[in-house]
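Everything on this sheet refers to the single structure shown next.
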Amino acid sequence: MTAGPRSSELYARACRLMPAGVNSPVRAFASVGGEPIFYDRASGCRFTDADGREFIDYVGSWGPLILGHAHPAVIEAITISAADGTSFGAPCAREIELAELVVDTVPFLEMVRFVSSGTEAVMSAVRLARGVTGRDAIVKFTGCYHGHADYLLVAAGSGLATFGTPSSAGVPASSAGHTLLLPLDDEAAFRRLMTKHGDEIAAVIIEGIPANNGLLPQSKSFVDVLRTECTRHGAMLIFDEVITGFRLGPDGAAGHYGIEPDLVTYGKIIGGGMPVGAYGGKRAHMERLAPLGPVYQAGTLSGNPVAMAAGAAALRTLLADGGSTWDRLETLGARLETGLREVFTKHDHQWSVVRRGSILWLALQDGPAPVTAEDIDSGAAERYAGLHAALLERGVYLAPSAYEVIFVSAAHDEAVIDQTVAAFDEAVAEVFG
Ligand SMILES: *Cc1c(COP(=O)(O)O)cnc(C)c1O
167 MTAGPRSSEL
177 YARACRLMPA
187 GVNSPVRAFA
197 SVGGEPIFYD
207 RASGCRFTDA
217 DGREFIDYVG
227 SWGPLILGHA
237 HPAVIEAITI
247 SAADGTSFGA
257 PCAREIELAE
267 LVVDTVPFLE
277 MVRFVSSGTE
287 AVMSAVRLAR
297 GVTGRDAIVK
307 FTGCYHGHAD
317 YLLVAAGSGL
327 ATFGTPSSAG
337 VPASSAGHTL
347 LLPLDDEAAF
357 RRLMTKHGDE
367 IAAVIIEGIP
377 ANNGLLPQSK
387 SFVDVLRTEC
397 TRHGAMLIFD
407 EVITGFRLGP
417 DGAAGHYGIE
427 PDLVTYGKII
437 GGGMPVGAYG
447 GKRAHMERLA
457 PLGPVYQAGT
467 LSGNPVAMAA
477 GAAALRTLLA
487 DGGSTWDRLE
497 TLGARLETGL
507 REVFTKHDHQ
517 WSVVRRGSIL
527 WLALQDGPAP
537 VTAEDIDSGA
547 AERYAGLHAA
557 LLERGVYLAP
567 SAYEVIFVSA
577 AHDEAVIDQT
587 VAAFDEAVAE
597 VFG
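What follows is the structure, given as structure tokens:
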């Protein structure tokens, strides 16, 4: 079973009108096979599909829904603010409320600017870093995703750094030509690159914890080397916390590693399920943005009042009770991790469950858990596709791609986690014998 008859009918209609019937590629189920399941409505940790079937959701809209679907506080904030007008294109108090929550929560942030997506946040942060440093080159790591800006869609080369070649048609080689690629977890390669090119580099960008190509947590020592080398060469360190910001705790991956990036980007959770991105850093850097400074960046719907209200409601809920929601997410995440490990062991598979807080990833391969994109075994994706279908049959919805992570929300609970583990037990037995 994948899609039911009503989903199939919607998919056929959608395919006539939109490429592959979707507005973002991974939704089309191409990498797991079958047809996508159309959502009809969702609440808490569950959604109902177009055929009236219920699923436990571990995608959570790809990260934003840390409180679960249709959280009452978020819905109330959206309803109230929408009634006051859905867009102004002028300053309003709701922007200040979200900005205060973000700036007052994250110790090293002095200013933010809001945009409408994670992609836009990263593009703008890179432009700011280039404007501040007067340099063009940036360094990115293989397997890190930073949205779909031209110069960040660059194929991953392993080994020594190479100037990037585009990994999407439509990206001129010249746009990718300022992007240097390095493997994750390779301090020596990074040091060599900085020795050679450090003075040409505007920014080094890394996902707080790489979570778009499997979950590839980096060692503290690697992240520390990024920080010290950037400082030494006058390059800016950009932490892309579009997934990890407010997911791992109030100060995200930067807090987890105990370092201060120069610029940080947010998205996903910061909008409470509405389209919001943000980038921020020290006042001296942020004041280089127009109209105060020469770095231009703008947006018709930036700081949208309804989106600001949703984000503020989500952050307030997370920060309430001394941030106890993050403790709860840690407990639930650990329970799922333990349950899944036990299932794999019981069925004699040496696979890994990688977890940081409420983010989990199944590395369906033997040996140590991968820490770089190059470590990921290509056979794992095929195993994942089988498991994915067997779990759908049992009402458990995982991301339709082996490289995507599992998100646990605060609307999941022990009973739901245990039900999920039982479904995995059956699914692993059925698919792998
Ligand atoms: C999702 C994501 C982006 C892009 O955000 P969009 O809102 O999809 O444009 C950028 N960086 C990271 C780390 C992400 O996970």
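The sequence shown begins at 167 in this note's numbering and counts up by one. Ideal Cβ placement from N, Cα and C applies to all residues, glycine included.
Between the CA atoms of residue j and residue i - distance to the nearest angstrom
{"i": "Phe590", "j": "Gly418", "result": "30 Å"}
{"i": "Glu286", "j": "Glu395", "result": "26 Å"}
{"i": "Val607", "j": "Ala259", "result": "Shown here, the chain extends from 167 to 599; a query on residue 607 therefore has no answer."}
{"i": "Ile404", "j": "Arg454", "result": "16 Å"}
{"i": "Val408", "j": "Asp514", "result": "36 Å"}
{"i": "His314", "j": "Arg501", "result": "34 Å"}
{"i": "Thr497", "j": "Asp532", "result": "26 Å"}
{"i": "Ala208", "j": "Phe388", "result": "40 Å"}
{"i": "Asp390", "j": "Ile425", "result": "7 Å"}
{"i": "Thr511", "j": "Ala568", "result": "20 Å"}
{"i": "Pro202", "j": "Pro338", "result": "32 Å"}
{"i": "Tyr550", "j": "Met360", "result": "38 Å"}
{"i": "Asp541", "j": "Gly229", "result": "24 Å"}
{"i": "Gly421", "j": "Tyr563", "result": "31 Å"}
{"i": "Ala322", "j": "Glu353", "result": "For Ala322, the predicted structure reports a pLDDT of 36, less than 50, and the residue's modelled location is therefore unreliable. A value from the coordinates is still provided. Answer to the nearest angstrom: the Cα atoms are 17 Å apart."}
{"i": "Phe221", "j": "Thr586", "result": "10 Å"}
{"i": "Leu429", "j": "Val272", "result": "12 Å"}
{"i": "Cys211", "j": "Gly465", "result": "33 Å"}
{"i": "Gly218", "j": "Cys181", "result": "22 Å"}
{"i": "Leu530", "j": "Ala265", "result": "40 Å"}
{"i": "Arg507", "j": "Trp517", "result": "8 Å"}
{"i": "Arg358", "j": "Gly411", "result": "30 Å"}
{"i": "Gly255", "j": "Ala595", "result": "55 Å"}
{"i": "Gly364", "j": "Ala355", "result": "12 Å"}
{"i": "Tyr423", "j": "Leu414", "result": "11 Å"}
{"i": "Val519", "j": "Thr431", "result": "27 Å"}
{"i": "Ala248", "j": "Ala576", "result": "25 Å"}
{"i": "Glu592", "j": "Arg560", "result": "9 Å"}
{"i": "Glu548", "j": "Arg494", "result": "33 Å"}
With 16 other Cβ atoms within 10 Å as the buried cut-off, status of residue i
{"i": "Lys306", "result": "buried"}
{"i": "Met184", "result": "exposed"}
{"i": "Leu528", "result": "buried"}
{"i": "Thr299", "result": "buried"}
{"i": "Leu326", "result": "Below a pLDDT of 50, predicted positions are generally treated as unreliable, and Leu326, at 36, falls in that range; no measurement from the model is reported."}
{"i": "Gly380", "result": "buried"}
{"i": "Arg393", "result": "buried"}
{"i": "Thr397", "result": "exposed"}
{"i": "Ile244", "result": "buried"}
{"i": "Ile572", "result": "buried"}
{"i": "Arg301", "result": "buried"}
{"i": "Ala478", "result": "buried"}
{"i": "Leu486", "result": "Looking at the sequence shown, residue 486 is not Leu but Ala. Result: exposed."}
{"i": "Phe406", "result": "It is Asp, not Phe, that sits at residue 406 in the sequence shown. It is buried - the Cβ of Asp406 has at least 16 other Cβ atoms within 10 Å."}
{"i": "Arg179", "result": "exposed"}
{"i": "Ser600", "result": "The shown model of the chain, from 167 to 599, leaves out residue 600, and the question about it has no answer."}
Nearest-angstrom beta carbon gap, residue j and residue i [assumed within contact, 8 Å]
{"i": "Val320", "j": "Ala342", "result": "5 Å"}
{"i": "Gly433", "j": "Gly284", "result": "3 Å"}
{"i": "Asp584", "j": "Gly505", "result": "7 Å"}
{"i": "Ala368", "j": "Arg296", "result": "4 Å"}
{"i": "Leu346", "j": "Ala303", "result": "6 Å"}
{"i": "Gly613", "j": "Pro427", "result": "In this structure the chain extends from 167 to 599, so residue 613 is not present and cannot be described."}
{"i": "Val268", "j": "Gly446", "result": "7 Å"}
{"i": "Ala476", "j": "Val288", "result": "Rounded, the Cβ-Cβ distance is 21 Å, inconsistent with contact."}
{"i": "Ala473", "j": "Met440", "result": "4 Å"}
{"i": "Ser227", "j": "Asn470", "result": "Contact flag wrong, Cβ pair sits at about 17 Å."}
Residue-level contact to chain B via CB, residue i, 7 Å cutoff
{"i": "Val509", "result": "In summary, chain B is missing from the structure at hand, where a single protein chain is found."}
Beta-carbon contacts of residue i that lie in its chain and below 6 Å, excluding the five residues immediately before and after
{"i": "Met597", "result": "Note that residue 597 is Val in the sequence shown, not Met. Contacts found: Gly552, Leu553 and Ala556."}
{"i": "Ala456", "result": "Tyr462"}
{"i": "Val225", "result": "Ala565"}
{"i": "Tyr311", "result": "Asn378"}
{"i": "Ser324", "result": "Because Ser324 carries a pLDDT of 30, less than 50, the predicted location of this residue cannot be relied on, and the following value inherits that uncertainty. Excluding positions up to five away in sequence, the list reads Pro349 and Glu540."}
{"i": "Arg449", "result": "Glu276 and Met277"}
{"i": "Trp492", "result": "Gly415"}
Start and end residues, alpha helix (DSSP H) containing residue i
{"i": "Thr491", "result": "Pro471 to Lys512"}
{"i": "Ser518", "result": "Run containing Ser518: none in the alpha helix (DSSP H); it sits in the beta strand (DSSP E), Ser518 to Arg522."}
{"i": "Tyr177", "result": "Pro171 to Leu183"}
{"i": "Val268", "result": "Ala259 to Thr271"}
{"i": "Gly552", "result": "Gly545 to Glu559"}
Beta-carbon proximity list for residue i, same chain, < 7 Å, skipping 5 on both sides
{"i": "Arg293", "result": "Val461 and Gln463"}
{"i": "Leu176", "result": "Phe204 and Ala216"}
{"i": "Thr328", "result": "With a pLDDT of 47 at Thr328, under the threshold of 50, the modelled position of this residue cannot be trusted; read the value that follows with caution. The residues are Leu347."}
Beta-carbon contacts of residue i that lie in its chain and below 8 Å, excluding the five residues immediately before and after
{"i": "Gln384", "result": "Leu350, Asp351, Ile372, Ile375, Pro376 and Val537"}
{"i": "Ser468", "result": "Arg279, Phe280, Val281 and Ser282"}
{"i": "Val192", "result": "Ala565, Pro566, Ser567 and Glu570"}
{"i": "Arg482", "result": "Ala239 and Leu267"}
Span of the beta strand (DSSP E) around residue i
{"i": "Leu350", "result": "That residue, Leu350, is in no beta strand (DSSP E); it is neither H nor E in DSSP."}
{"i": "Val574", "result": "Note, Val574: premise wrong, no beta strand (DSSP E); not H, not E."}
Any non-hydrogen atom of ligand 2 closer than 6 Å to residue i Cβ
{"i": "Thr285", "result": "As far as ligands go, the structure on display features ligand 1 and does not contain ligand 2."}
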